[in-house]
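Chemist: Mind having a look at this structure? Questions to follow.
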Amino acid sequence: MADHTGRAPFAAPQRFRVLIVVLLVALLVTATAGISLGSVGIPPDVVWLSVGGHLGLPIAPVDPVSDQIVWMVRVPRVLLGILAGAGLAISGVVIQAIVRNPLGDPYLIGIVPGASLGAVIVIVLGASTVGGLALPAAAFVGAMVTFAVVFGIARQGGRLPPTRLVLAGVAVGYLVSAFTFFFQVIATPNQVQRVLFWSLGSVAGAEWGDLPLLALVVLLGVAGLALNGRRLNALSVSTDLAASLGVDVGRTQLALMLMVALVTGCIVAIAGGIGFVGLLIPHLARLLVGADHRRVLWVAVLLGAAFLPIADIAARLLRAPAELPIGIITAAVGAPFFLSLLVTTTGARRTAGVIRGQGAP
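Here the sequence shown stands for residues 235 to 595, numbered as in the working numbering.
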C-alpha cells in the first residue's frame with residue numbers, strides 16, 4: 235500500500251522475501267513461455283526435456299527438430315533477454331539515484347546514442363571505417379567513447395554533480411545523434427531499415443557465442459551494483475549527506491558509473507538500443523518495495539529479467555511470422571505506465587492538500 239505521497243513504505247523483511255520468491259517463479263514461467271511460444275509452438279514439457287538433456291540429465295531424447303529450435307534458437311534468445319533486462323533495469327536504478335532524477339536511464343549518460351553512432355557507421359560505411367570492427371564491437375566502442383566524453387565534461391572537483399551530469403549527457407547525446415542522423419540521411423533504404431531495427435533493439439538472432447562475455451559482464455556488474463544499496467540511499471538524498479556518512483563520494487560515483495557504462499554498453503552492443511527498460515523498471519520496483527535501494531536493486535533485477543522476455547514474446551506474436559523490434563513493445567508499455575503514474579501521483583497530492591486544508595484552523 236502506498237502512503238499519501240504515492241510512495242510505497244519500506245517492505246518488511248518477510249514481505250520482501252516472499253516477493254523475491256514470487257519474482258523468481260515468474261521469471262521461470264516467463265522463460266519457459268519464451269522458449270515455448272513462437273511461429274512453431276513447442277509444449278513446455280518438451281522444452282524442459284530438451285533443456286534437461288543438454289544439461290546432462292538422464293532424460294529420453296526429444297524430436298530432433300524441436301530440440302534444435304529449443305536449444306539453438308530460443309534458449310539463447312531468452313537468456314539474452316534475461317541478461318539485457320536485468321542489466322538495463324539495475325543500471326536505471328543506479329543512474330536515477332546518482333543524478334537524483336526520475337528520468338535517468340542509459341540514454342541520459344550517452345551510452346545508447348554513442349552505441350547507435352558506432353553501429354550506424356558500420357552499417358552505412360562498412361567495418362573498414364572503424365578499424366575493421368564488427369557491428370557489436372563498434373557499438374560498444376561508440377558507447378564507451380561517448381560516456382567518457384560525458385563523464386569528462388560532467389566531472390567537477392572529483393565529483394559528478396547531478397545537474398551537471400544530466401546537462402552534459404543531454405548535450406553530448408544530441409550532438410552524437412546529429413552525426414547518427416547524418417549517416418542515416420546518406421544511407422540506402424535497406425541500410426536505413428537495418429539501422430532503424432537495430433536502434434529499436436531486438437534479441438532475435440541471439441547465438442550461444444554472444445552470451446559468455448555478456449553474461450560475465452552483466453552478472454559481475456549486477457553483483458557489484460547491488461552491493462552498494464546503502465551508498466545509493468545516501469547519494470540519492472544528497473552528496474553532502476553521503477560524505478557525512480563516510481562515503482567517498484567521488485570514488486563511489488566513478489566506480490558505479492563505470493560499472494553501469496560497461497554493463498549497458500555490452501548489452502546495447504549486442505541487443506541494440508532497447509529503450510524504457512532502464513526507465514520503467516526502477517519506478518515499478520520502488521512502487522513494490524519503497525525507496526530502500528538495498529531492496530530496490532534486487533527487485534529491479536528480477537523485474538527486468540522477466541519483463542524483457544515478455545516483451546520479446548509480444549514482439550514475436552503480434553505480427554507473426556514477422557517480428558517487431560522489441561523497443562516498440564517496451565515503449566508501448568512504458569509510456570502508459572508513466573502517464574498513469576503521473577495522474578495517480580498528482581491526484582494523491584491534490585487529495586492530501588484538500589485534507590490538510592480542511593483540517594487547518
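Just so you know, even glycine gets a beta-carbon here, dropped at the ideal spot from N, CA and C.
Give the DSSP-derived three-state secondary structure of ILE389 in the structure shown.
Modeler: In the sequence on display, residue 389 carries Arg and not Ile. Reduced to three states, the DSSP call for ARG389 is coil.
Chemist: Just the C-alpha distance for VAL606 and PHE250, rounded to the nearest angstrom, thanks.
Modeler: Absent from the structure is residue 606, since the part of the chain shown begins at 235 and ends at 595.
Chemist: Which of the three DSSP states, helix, strand or coil, is assigned to ARG251?
Modeler: Note: ARG251 maps to helix in three-state DSSP.
Chemist: Please tell me whether LEU469 and ILE324 are closer than 8 Å, where the distance is taken between their beta carbons.
Modeler: Taking 8 Å as the Cβ cut-off, LEU469 and ILE324 do not qualify as a contacting pair.
Chemist: For THR266, name the three-state secondary structure that DSSP assigns.
Modeler: Helix.
Chemist: In the DSSP assignment, find the alpha helix (DSSP H) that holds ASP526 and state where it starts and stops.
Modeler: Element bounds for ASP526: n/a, residue is neither H nor E.
Chemist: What is the rounded straight-line gap between the Cα of PRO570 and the Cα of THR473?
Modeler: Roughly 33 Å separates the two Cα atoms.
Chemist: Please list, in chain order, all residues of the same chain as ARG584 whose beta carbon is under 8 Å from its beta carbon, the five residues on each side excluded.
Modeler: In this predicted model, ARG584 has a pLDDT of only 48, less than 50, meaning its place in the structure is not dependable; the value taken from the coordinates is given anyway. So no residue of the chain qualifies.
Chemist: According to DSSP, is LEU342 part of a helix, a strand, or is it coil?
Modeler: Correct three-state label for LEU342: coil.
Chemist: Count the C-beta pairs between the region 534-543 and the region 308-327 that are closer than 8 Å, then say yes if the count reaches three, no if not.
Modeler: Touching, yes.
Chemist: Using 10 angstroms around the beta-carbon of VAL281, count the other beta-carbons present and answer buried if the total reaches 16, otherwise exposed.
Modeler: That one is buried.
Chemist: Could you tell me the distance, in whole angstroms, from the CA atom of GLY286 to the CA atom of THR266?
Modeler: Answer to the nearest angstrom: the Cα atoms are 13 Å apart.
Chemist: Could you round the C-beta distance between GLY338 and GLN330 to whole angstroms and report it? I think they count as a contact, below 8 Å.
Modeler: Their Cβ separation, rounded to whole angstroms, is 4 Å, which keeps GLY338 and GLN330 in contact under 8 Å.
Chemist: Name the two residues that bound the continuous alpha helix (DSSP H) containing MET493.
Modeler: Here the alpha helix (DSSP H) through MET493 covers 483-505.
Chemist: Which runs of the beta strand (DSSP E) at least 3 residues long sit entirely within the region 304-343? Give them in chain order.
Modeler: If we require 3 residues or more, the region 304-343 turns out to have no beta strand (DSSP E) run fully inside it.
Chemist: Would you report the Cα separation of VAL400 and PHE431, rounded to the nearest angstrom?
Modeler: Rounded to whole angstroms, VAL400 to PHE431 spans 27 Å at the Cα level.
Chemist: Return the CA-CA distance between PHE541 and VAL567, expressed in angstroms with no decimal places.
Modeler: When rounded, the distance between both Cα atoms is 10 Å.
Chemist: For PHE510, does the count of other Cβ atoms within 10 angstroms reach 16, so buried, or fall short, so exposed?
Modeler: Buried: at least 16 other Cβ atoms inside 10 Å.
Chemist: Taking the C-alpha atoms as reference points, what is the distance between SER436 and PRO370?
Modeler: Cα to Cα, the separation comes out at about 13 Å.
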